[in-house]
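Chains as they are written, first to last, in the numbering used here: chain A, 1 to 429; chain B, 1001 to 1429.
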């Protein structure tokens, strides 16, 4: 089996998550990809407090140890900031190493330099985690839409501001209250200006524009307006008029190839998919010529969502440099038994046609209870012109076998007409 | 530049779309991927009525012409059915060709055989278009989540049934009326049983289960129940109880590795993301250990959405077999100018604090009108304890420059207090 050697620089929130996944899912990744990914180094100024134990890798305080090791194939930069990461990445590229980074600020401001240096040195740059953390929007634009032309991208790309706007809208907080709540819950930094003034969103939409429109975007040409001055009053009036307020990164191209790239508070129709993106979630709505409308939704930040994307980049590059046929094979790693439907647990919606007579509800409840099924909600309504009235119930979780048995007993009651209706209720995830 | 040779078998809805995209976006794909994809053959029993002209490729009635041509690298199977596609695909694999297919029925029922034959012969199978048309869910499961473990997948995977259920719910149609409407609009076949009885959804969820859980799923072990017997009454009662009814493909794995794979009508909370998936749209909600919840939404069928996915597979395989470093390079193909914010067109939300006095609305409207801006909606409310009252307006589309000029004139009116608020409204896409 091919071996690919990795060094991670930065052992904070995301770095810790990447190390944890590479260690915990080492075998899974090996089985799925057919490549052995060896984490050889972790470089950091500080190895404490991250809650992840480094099992096999060498610890170093100097990232040059990684760059100078000929065995290292991929350098993973998770430091944050601009100058130090730029130094790490350019040194790594010059040393012929492939690079994975989650650094949107760096790519937005110096992406042109980095990508052309990489092209020149024949190395690869993975940056899926740089935009919208766990949402695979880079691969969508780069790979899935390779035969399509993007007309526009509307992105909720910053979890902090979306959390604040959700609190304002749903809990009638004003901006400063909502910001305080976000800070208490760890969704906003002590100095939140990067997020709330729209800079972070601008970094991300500039990276998406580059991929969508095959062009570099001068970061200074992006119009940026944040949510600092949004008043609760406007959020409420806007809703009355049919709109929900979001901070959007917007990128558009018209048929003449002229583009718009901008970040500002924006009203979207309350029926638009973006209106339903709440709390700290991110979403990217893409309109393209052939695919039409598509949307990608998930967590835009956080240790593990971001780390999953970093790991996917590491594997992608690892496959690319170790195997001439890179497209993943479909492997059957396990034999797994599919449970029979009788063995599932679910909540259930039930409807019976019953004679409107005292004692009917108790007879039905008794059968359910005897079979270990408890009732969460009931609707019984008078329906004047019929002898039979509908009795609607929602159960708590039950085993399907037990429910089916109860149902057949209920169907046999003289007061019940025909067969009861049963529809499974899916738990919210 | 590397050249990769492609033969397409099947020239119906999807085949026509693939040929069209490969022809129209030939240069774009070449620039983006660095590979020249040559469409050498189109095989079909019938070349009429598809509305796409074949420009360069050879037409043939016999797909064996493609399989027997040593130059062909990739065979694209878009025929439909089981037996003929199985013959095409196995012959192609045995001839050492890579295969792209959109055929979910075939992969669900004979995927095991096909994938293991491909592994044995060292060729690649692309099947992004087999599940949820334009939604790149295969890549998400295969690549993006390679370092993660999927707990569950909930999918609205069939546009026909989702369209029918939307009509029932939103327009109070019963099942047969809604089915008729779907047939009139071309969203349902004359014989709709494959869709409405859940078979199509079952094919798709079985393919997703394979990828998510690294296992093959015996198609006969999947519990399948369609929507034929759903009554409007239950749709309505369920909504009263807080649920929306959808046909779901469900795949779950518990921590012991036991799996559930099933298809049935299911109630989801009316606040669940899936509840907002309307009409013929598809969506896949994924819950995984590290990424948490993510959702992928788009068109699940149709010529161009499906063809985009087929083309993405063709390019992926083409890169894979022609270049040892496959991961896409970030190319700057064009220089593009970013429009200045003053040059954009938008609708606008405006709010002014005005003295509650006759003539104020007309003064403001006049300034807007003089600058070419027309008003779509107004809210003016009495707010008793204040001298100043809010005046809220929504404009029709206007050039931002003109709006900014009008705003500064309005801000100078004596009857207006402070600066007006302006928020851009994003058009629904």
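All C-beta atoms in this analysis are idealised placements derived from N, C-alpha and C, irrespective of residue type, glycine included.
| Item | Value |
| --- | --- |
| Contacting residues, own chain, Cβ-Cβ under 7 Å from residue 1242 (chain B) (five flanking each side not counted) | 1269, 1270 |
| Residue 1154 (chain B) vs residue 1130 (chain B) beta-carbon contact at 8 Å | no |
| For residue 292 (chain A): DSSP bridge partner residues | A:288 |
| Residue-level contact to chain B via CB, residue 86 (chain A), 8 Å cutoff | no |
| DSSP state of residue 265 (chain A) mapped onto helix, strand, coil | strand |
| Per-residue contacts from residue 1001 (chain B) into chain A (C-beta, under 7 Å) | Residues of chain A passing the Cβ test: none, with the nearest at roughly 15 Å. |
| Three-state class that DSSP yields for residue 1068 (chain B) in the structure shown | coil |
| Chain A contacts from the segment 1271 to 1284 of chain B (Cβ-Cβ distance under 7 Å) | 1272, 1273, 1276 |
| Residue-chain proximity (residue 1239 (chain B), chain E), Cβ-Cβ < 8 Å | You won't find chain E in this structure, because its protein chains are A and B. |
| Bounding residues of the alpha helix (DSSP H) (the contiguous stretch that carries residue 312 (chain A)) | 303 to 322 |
| Nearest residue (CA-CA) to residue 1068 (chain B), options B:1088, B:1171, B:1055 | B:1088 |
| Residue 7 (chain A) versus residue 1230 (chain B) - alpha carbon distance | 56 Å |
| Interface partners of residue 1295 (chain B) on chain A, CB under 9 Å | 283, 295, 296, 297, 298 |
| Nonlocal neighbours in the same chain, by C-beta distance under 6 Å from residue 1304 (chain B), ignoring five residues either side | 1017 |
| Own chain residues within Cβ distance below 6 Å of residue 226 (chain A), not counting five before or after | 196, 197, 198 |
| Rounded separation between residue 350 (chain A) and residue 1238 (chain B) - CA only | 10 Å |
| Within chain A, partners of residue 1377 (chain B) - CB distance below 8 Å | 241 |
| Beta carbon proximity, residue 1215 (chain B) to chain A, threshold 8 Å | yes |
| Identity of the residues DSSP links to residue 74 (chain A) by a beta bridge | A:6, A:98 |
| Three CB pairs or more closer than 8 Å across the segment 1242 to 1258 of chain B and the segment 401 to 410 of chain A | no |
| Buried versus exposed, by CB contacts within 10 Å (16 or more), residue 168 (chain A) | buried |
| Start and end residues, alpha helix (DSSP H) containing residue 1400 (chain B) | 1400 to 1411 |
| N-terminal and C-terminal residue of the beta strand (DSSP E) that residue 1151 (chain B) is part of | 1150 to 1156 |
| Cβ-Cβ distance between residue 1072 (chain B) and residue 1161 (chain B) below 8 Å | no |
| Rounded separation between residue 252 (chain A) and residue 1369 (chain B) - CA only | 28 Å |
| Per-residue burial, residue 104 (chain A) [other beta carbons within 10 Å of its own, 16 or more giving buried] | buried |
| Rounded separation between residue 1312 (chain B) and residue 76 (chain A) - CA only | 27 Å |
| Residue 349 (chain A), DSSP secondary structure in three states | strand |
| Residue-level contact to chain A via CB, residue 1144 (chain B), 8 Å cutoff | yes |
| Chain A contacts made by the segment 1055 to 1069 of chain B, where a contact means CB separation under 7 Å | none |
| Residue 1371 (chain B), DSSP secondary structure in three states | coil |
| Interface flag, residue 429 (chain A) vs chain B, CB-CB below 8 Å | yes |
| Opening and closing residue of the beta strand (DSSP E) in which residue 1395 (chain B) lies | 1388 to 1395 |
| Residues that residue 115 (chain A) contacts on chain B, provided the C-beta gap is smaller than 9 Å | 1329, 1330, 1331, 1332 |
| Check whether residue 113 (chain A) and residue 1338 (chain B) have beta carbons under 8 Å apart | no |
| Sub-8 Å separation of residue 1012 (chain B) and residue 1078 (chain B) beta-carbons | yes |
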